[in-house]
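Below is one structure; the comments refer to it alone.
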Amino acid sequence: MSWEKSIEELRWRERLAEKMGGDEPVERQRGRGKLTVRERVAFLADPGSFHEIGKIAGRATYTADDEMESFLPASSVTGRATLDGRPTVILADDFTVRGGASDASIWQKMVQMIKMAAEYRMPLVQMIDGTGGGGSVKSLEKDPRTYIPETPGWNEIVHGMTQVPFVSLALGPCAGMGAGRVAASHFSVMVKELSQVFVAGPPVAIALGENVTKEELGGWKIQAQNGTVDNVVDTEADAFIEARRFLSYLPPSVHDLPQRTAPADHPDRKEESLLSIVPTDGKTPYKPRKIIDATVDHGSFFEIGKEWGRGIVTGLARIDGYPVGILAGDPFFLDGAWTADVCDKVTRHMDLCSMFHLPVIHFVDCPGFAVGVKAETAGVTRAGVRAMTAVYQADVPVCSVVIRKAYGLAGSAMMNQSKTKWRYCWPSGDWGSLPMAGGIEAAFRKELAEAEDPDALKEQLYRKFEAIRSPFRTAESFLAEEIIDPRDTRPLLVDFIHHAWRVLEPGERKVGYRP
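FYI, in our numbering the residues of the sequence shown are 6 to 520.
Structure (structure tokens):
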């Protein structure tokens, strides 16, 4: 007696699953320049590490003699693997199986993977390609009724995001639930011209009077610039690299601290270029990424969200091998003013860093919240208060380096200033409740109007207040704790990160994650 025949049937069913949607759908997938789901898993995971779960799940039909007549696998490939040696859960959509429509999906596979990631403290990487939601109206012919919608697994997604890193790679058209899963992540990537993200596709938009293509409706130029996705790459291979690199900075779960790598840069390195990188006229913009690159470990800066909220630069880096979060005002965009989308970007990044215990380095150059009708129409006040709240709710150490401007409410949100101010100021620092330019004319309007020589009086006033705004006068009152030589920034950040690491504690946040 033996179970050999059952094992033979198991292997036969597994081979059927490996055919995915069949020869023709697979060829169409490749004809679009896309990898198949199984090729994607093979490229993403460490070689030989993928353990598939639910491989033979799908929809079968049987003859009157109970012999299998046809088999269509579920529209997802799921399991666990290692990425750079780290255990990871993989949830990958198969577009060759009815385009990921609901009548080919088994939602329990998705829920099982999310639960496994959260309970066993492993990051989740989703490769999203299809709807994964309501599917086609045609499905109503087989089951002639409608239903009140609910989203199985959404509670697990919300909970899972408070536990482990969620990475979403958009690798094709992602609609409905697929689009929702892209956005419900800590880090998301699109592939140019290959992936699109939208609530509903072009046929629905056309029915509403908008004649658009998939790219016009939800291409990368839209979704990367509005912050729906974080990063954009040229190829699927690049997307896999982005996923690995993002996860390299984070712990496997909130119950662990991020991992330090062996330092590959001298902790006392001092870059001479920092002494002159900020123009002395106080107006000409400079490139903040040069400051970041000069102060973090060489080659370690990983930018997130480059295409949106461009008044601030955000990303991850290492300092003496320790992972950190980075914020840096960018004066090339509205002088670094915090617009509504900048505020949303700050909120998202502070939540990410706080969730996964990453100390934050904030290179401050902020003239305040953006002013004007456009800014108000975009809701800058609400978004700004939300960003300030995220900064004050963060429970990780923050070191602020004031590079130039710090004005008004937004300028005050460089850190939670009710806590210890671990802060360094460059001699180029320029701060206050209001900028001098324009403020002097407003405050002395009457005097200037009555003066015999208004220009001479204005020049005199500017000289007077230029002396008052010297950062050294602020330091005299201990309102600027330390003014430093810019070249000393990296050694001081190395010192900060060693102190920060002593007080970091793993565990769940009191405040949940806001996708």
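Beta carbons: idealized from backbone N, C-alpha and C, even for Gly.
Beta-carbon separation (whole angstroms), residue i vs residue j, contact threshold 8 Å
i    : j    : result
G158 : P178 : The Cβ separation is near 21 Å, so there is no contact.
I489 : I408 : That pair is no contact at about 11 Å.
L466 : F477 : Their Cβ separation, rounded to whole angstroms, is 20 Å, which puts L466 and F477 out of contact at 8 Å.
A180 : F203 : 6 Å
V369 : V396 : Rounded, the Cβ-Cβ distance is 12 Å, inconsistent with contact.
A248 : L484 : Between L484 and A248 the Cβ distance is about 44 Å, and since that is not below 8 Å, they are no contact.
K410 : G341 : 7 Å
P459 : L280 : Contact flag wrong, Cβ pair sits at about 38 Å.
L462 : E452 : 7 Å
Pair within 7 Å by beta-carbon distance, residue i and residue j
i    : j    : result
A123 : V163 : no
R428 : S258 : no
D98  : G135 : yes
Y291 : V283 : yes
V318 : D335 : yes
A189 : P520 : yes
V196 : V238 : yes
C358 : V365 : yes
G384 : A415 : no
P496 : D273 : yes
R373 : F338 : Reading off the sequence shown, one finds Gly at residue 373, where the question assumed Arg. Not a contact, by the Cβ cut-off of 7 Å.
R186 : I133 : yes
S80  : K114 : no
T101 : V31  : yes
T93  : P128 : yes
A62  : I111 : yes
E161 : K120 : yes
E487 : K426 : no
Nearest neighbour of residue i, chosen from the options [CA to CA]
i    : options                   : result
P567 : L15, M182, G84 and F368   : Residue 567 lies beyond the residue range present for the chain, which begins at 6 and ends at 520; the question has no answer from this structure.
G512 : S482, L252, H362 and R16  : H362
Y412 : R391, L453, V365 and W343 : W343
R514 : S475, G416, E481 and V401 : V401
H367 : R391, R353, V329 and T394 : V329
G105 : V42, D70 and C430         : V42
Y518 : H191, P92, L40 and F76    : H191
G53  : E308, R103, R85 and R409  : R85
D349 : T394, M360 and R103       : T394
A1   : A380, G389, N421 and G165 : The shown model of the chain, from 6 to 520, leaves out residue 1, and the question about it has no answer.
S75  : P496, L279 and K24        : K24
M118 : Y152, I95 and M132        : I95
P268 : R323, E276 and D235       : R323
H260 : R294, A65 and G165        : G165
R391 : D356, V508 and G434       : D356
V234 : V194, V209 and R249       : V194
E57  : T83, L509, S253 and L49   : T83
S5   : F251, L262 and K275       : Any property of residue 5 remains undetermined from this structure, which presents the chain solely from 6 to 520.
E198 : L321, D500, P491 and G224 : G224
R265 : P78, T289 and Y327        : Y327
A418 : G389, S433 and D435       : G389
H271 : P78, L498 and L15         : L498
S200 : N236, M360, G287 and D500 : N236
C371 : G444, V378, S423 and K288 : K288
N-terminal and C-terminal residue of the alpha helix (DSSP H) that residue i is part of
i    : result
Y467 : P459 to I473
V347 : A345 to M360
S482 : Unbroken run through S482: none, as it is neither H nor E.
R495 : T494 to V508
K295 : P293 to T300
I12  : E9 to E23
D28  : D28 to G36
K226 : W225 to Q228
D243 : E241 to Y254
M132 : M132 -> not in any alpha helix (DSSP H); beta strand (DSSP E) instead, spanning L129 to G135.
R514 : From DSSP, R514 is part of no alpha helix (DSSP H); its letter is neither H nor E.
A380 : V378 to T382
W313 : Run containing W313: none; DSSP gives neither H nor E here.
Terminal residues of the beta strand (DSSP E) in which residue i lies
i    : result
H367 : V365 to C371
H56  : H56 to I58
E74  : M73 to P78
Y397 : Y397 -> not in any beta strand (DSSP E); alpha helix (DSSP H) instead, spanning V385 to Q398.
A456 : First-last for A456: undefined, no H or E at that position.
I162 : First-last for I162: W159 to G165, but that is the alpha helix (DSSP H), not the beta strand (DSSP E).
V202 : Q201 to F203
beta-carbon residue i near the ligand MG non-hydrogen atom, thresh 6 Å
i    : result
G434 : In the structure shown, the ligand MG is absent, as is every other ligand, since no ligand is present at all.
Can you confirm whether the segment 472-482 touches the segment 220-229 when touching is taken to mean that 3 or more C-beta pairs between the two stretches lie within less than 8 Å? At 8 Å Cβ cutoff, the stretches do not touch.
So, does the segment 39-55 touch the segment 227-244, judging by three or more C-beta pairs under 8 Å? With the cut-off at 8 Å, the segment 39-55 and the segment 227-244 touch.
Given 8 Å, three or more beta-carbon pairs between the segment 293-310 and the segment 226-238: With contact defined as three or more Cβ pairs closer than 8 Å, the segment 293-310 and the segment 226-238 are in contact.
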